[in-house]
Amino acid sequence: MDGMILALRGNLALAGAIGFLALALLSLALGMALRAARQQRNRRVVDRALAAREGRRAEQVASVPDSAGRIEAVKAMAESIGDRLERGRLGDSLLAEEDRKLIDMCGYTNIGRVRAVFVLARTVLSLGLPVAAWILVGGRAFLLNEGLTKAAAVFVGLALGWMLPKWMLLRRAGARRRAAVAELPLLIDLLRLLQGVGLSTDQSLHIIVTEFQRVLPVIGYELRVANEQYSRGRTREQSLGRLMNAFDNDDLNAICRLIVQVDRHGGAVQEPLTRFGERVRERRKLDLREKVARITVKMTGVMVITLLPALLIVTGGAGLLAVMRGLARAGGG
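Numbering-wise (this note's numbering), the sequence shown opens with residue -7 and increments by one.
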């Protein structure tokens, strides 16, 4: 009896601590929301004053619907909270160096906002999912006892809340990596074509970015970032460093090194690009054959599970029925 009372007191104390932490986070979020709303109102007042001063109607500035303004206020609030958490004492724990590189690989335009949202999502989920798991488990004991069940549920909720944002980023980064591999042969053909008509490396990359980004969404975006960095004073090798390291692809690294070499030393690149394109296509054929072989092996298991019972019924069904009838007659006789 005393043990049950002590366990109940411990559970109540833990629940009270979790509730107090949730209330503290809620009060912090409300404070940030009020601050963001005040900033939004002040911004609208300034915009109206500037519009009236310039001779334009203030209604044009204030024509944004209230719902859109609320959405922007919520976004600003989330970004502000995430930015504060990132700069706080737990910033290095909530956003490790590996997570920063992963966000850079995802190809977002506003990296700072994505980092802030990532930190906020990880914090909210890591605190909210354990509380939700605690509430859902209730008094049920799936393991040895109720306390162990609640501890396991809280641990699973904490692990899921910590890893869910990273899993989403890994999924996006993997999709971009596969898209970059698929776009690589077209990039090689475009470089060979543009270099063949006498364009320089800068002109070729500029045309690829401006004219072919729709068909090269991933590599085109990375090349646009590289061109912007190159125009700001970085070397060609430094500007292409992100493209070389982000996708972990040897063929893409070789293309970037070839571009750097041509930009630095000059020379004809049509023949190397032709051979390189043929090698990439041969590798893609081998990868497709390997994929087809894997699918064939998987389909063998599916056929054994689905078709083998039907085949046994068709081929051995008549004989089995005859045996059963013979046994029935023998038993009846």
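Heads up, the beta-carbon is just placed ideally off N, CA and C, and yes, glycines get one too.
Nothing here was measured: the structure is a model prediction, and the numbers come from that model.
Next on the checklist: As a quick exercise: from 181, 102, 211 and 216, pick the residue whose alpha carbon is nearest that of residue 245.
Outcome noted: For residue 245, the closest alpha carbon among the candidates 181, 102, 211 and 216 is that of 211.
Next on the checklist: Does residue 279 come out as helix, strand or coil in the three-state DSSP assignment?
Outcome noted: Of the three classes helix, strand and coil, the one that applies to residue 279 here is helix, per DSSP.
Checklist entry - Can the beta-carbon of residue 158 be found less than 9 Å from the beta-carbon of residue 94? => result Cβ distance < 9 Å, so residue 158 and residue 94 count as in contact.
Checklist entry - For residue 266, does the three-state DSSP call read helix, strand or coil? => result Three-state result, residue 266: helix.
Item to check | Enclosing alpha helix (DSSP H) for residue 96 [first to last residue] | outcome: It spans 89 to 97 - the alpha helix (DSSP H) in which residue 96 sits, taken as one unbroken run.
Checklist entry - Are three or more beta carbon pairs between the stretch 143 to 157 and the stretch 120 to 131 nearer than 8 Å? => result Touching, yes, given that three or more Cβ pairs across the two stretches are closer than 8 Å.
Item to check | CB of residue 272 within 9 Å of CB of residue 240, strictly | outcome: No, Cβ-Cβ distance for residue 272 and residue 240 is not below 9 Å.
Item to check | Extent of the continuous alpha helix (DSSP H) run through residue 245 | outcome: Here the alpha helix (DSSP H) through residue 245 covers 242 to 257.
Checklist entry - Hey, residue 122 and residue 150 are a contact pair by Cβ (cut 8 Å); roughly how many whole angstroms apart? => result Sure, about 5 Å apart at Cβ, within 8 Å.
Item to check | Neighbourhood of residue 153 by C-beta, 6 Å cutoff - its chain only, sequence neighbours within 5 removed | outcome: When the five nearest sequence neighbours on each side are left out, the beta carbons in the same chain lying within less than 6 Å of the beta carbon of residue 153 are those of 117, 118 and 121, in order along the chain.
Next on the checklist: Assuming the contact rule is C-beta atoms closer than 8 Å, residue 200 and residue 215 should be a hit. Round their C-beta distance to whole Å, please.
Outcome noted: The Cβ separation is near 6 Å, so the contact holds.
Next on the checklist: How far does the alpha helix (DSSP H) with residue 219 in it extend, from its first residue to its last?
Outcome noted: Here the alpha helix (DSSP H) through residue 219 covers 209 to 223.
Next on the checklist: Taking only three categories from DSSP, how would you classify residue 318?
Outcome noted: Look at residue 318 here: in three-state DSSP terms it is helix.
Checklist entry - Expressed to the nearest angstrom, what Euclidean distance is found between the alpha-carbon atoms of residue 351 and residue 181? => result The chain is shown only over -7 to 325; residue 351 falls outside these bounds and no answer can be derived.
Checklist entry - Would you call residue 167 buried or exposed, if buried means 16 or more other Cβ atoms sit within 10 Å of its Cβ? => result Result: exposed.
Item to check | For residue 138 and residue 96, the rounded distance between their alpha carbons | outcome: Taking the straight line joining both Cα atoms gives about 43 Å.
Item to check | Three-state secondary structure (DSSP) of residue 293 | outcome: It is helical.
Item to check | DSSP three-state assignment for residue 192, whether helix, strand or coil | outcome: Residue state for residue 192 is assigned as coil, using DSSP reduced to three classes.
Item to check | Straight-line Cα distance separating residue 251 from residue 91 | outcome: Rounded to whole angstroms, residue 91 and residue 251 show a C-alpha spacing of 29 Å.
Item to check | Alpha-carbon to alpha-carbon, residue 276 and residue 187 | outcome: It is roughly 24 Å from the alpha-carbon of residue 187 to the alpha-carbon of residue 276.
Checklist entry - For residue 234, which option in 225, 217, 314 and 299 has the closest C-alpha, if you only look at C-alpha atoms? => result Here the closest residue by C-alpha is 217.
Item to check | Collapsed DSSP secondary structure at residue 228 in the structure displayed | outcome: It is helical.
Checklist entry - Are residue 86 and residue 109 close, meaning C-beta to C-beta below 9 Å? => result With respect to residue 109, residue 86 sits apart: the two C-beta atoms are not nearer than 9 Å.
Checklist entry - Closest to residue 237 by CA distance: which of 281, 264, 164 and 169 is it? => result Taking residue 237 as reference, the option from 281, 264, 164 and 169 with the minimal CA-CA separation is 169.
Item to check | For residue 286, three-class secondary structure by DSSP | outcome: Under the three-state reduction of DSSP output, residue 286 falls in the helix class.
Next on the checklist: Quick check: the Cα distance between residue 226 and residue 219, rounded to an integer number of angstroms?
Outcome noted: Between the alpha carbons of residue 226 and residue 219 lies a gap of roughly 9 Å.
Checklist entry - In terms of residue numbering, what span does the alpha helix (DSSP H) encompassing residue 123 cover? => result It spans 103 to 129 - the alpha helix (DSSP H) in which residue 123 sits, taken as one unbroken run.
Next on the checklist: Taking the alpha-carbon of residue 103 as reference, which of 155, 156, 256 and 161 has the nearest alpha-carbon?
Outcome noted: Ranking 155, 156, 256 and 161 by Cα distance to residue 103 puts 161 first.
Checklist entry - What residue range is occupied by the uninterrupted alpha helix (DSSP H) comprising residue 334? => result Nothing about residue 334 can be read from this structure; the chain reaches only from -7 to 325.
Next on the checklist: Can you look up residue 261 in the DSSP assignment and give me helix, strand or coil?
Outcome noted: Residue state, collapsed to three classes: coil.
Checklist entry - In or out: residue 183 buried (at least 16 other Cβ within 10 Å) or exposed? => result Buried, because 16 or more other Cβ atoms sit within 10 Å of the Cβ of residue 183.
Checklist entry - Taking the Cβ atom as the reference point for each residue, do residue 208 and residue 179 lie within a distance shorter than 9 Å? => result Cβ distance < 9 Å, so residue 208 and residue 179 count as in contact.
Next on the checklist: According to DSSP, is residue 187 part of a helix, a strand, or is it coil?
Outcome noted: Helix at residue 187.
Item to check | 9 Å Cβ cutoff met for residue 256 and residue 228 | outcome: Yes.
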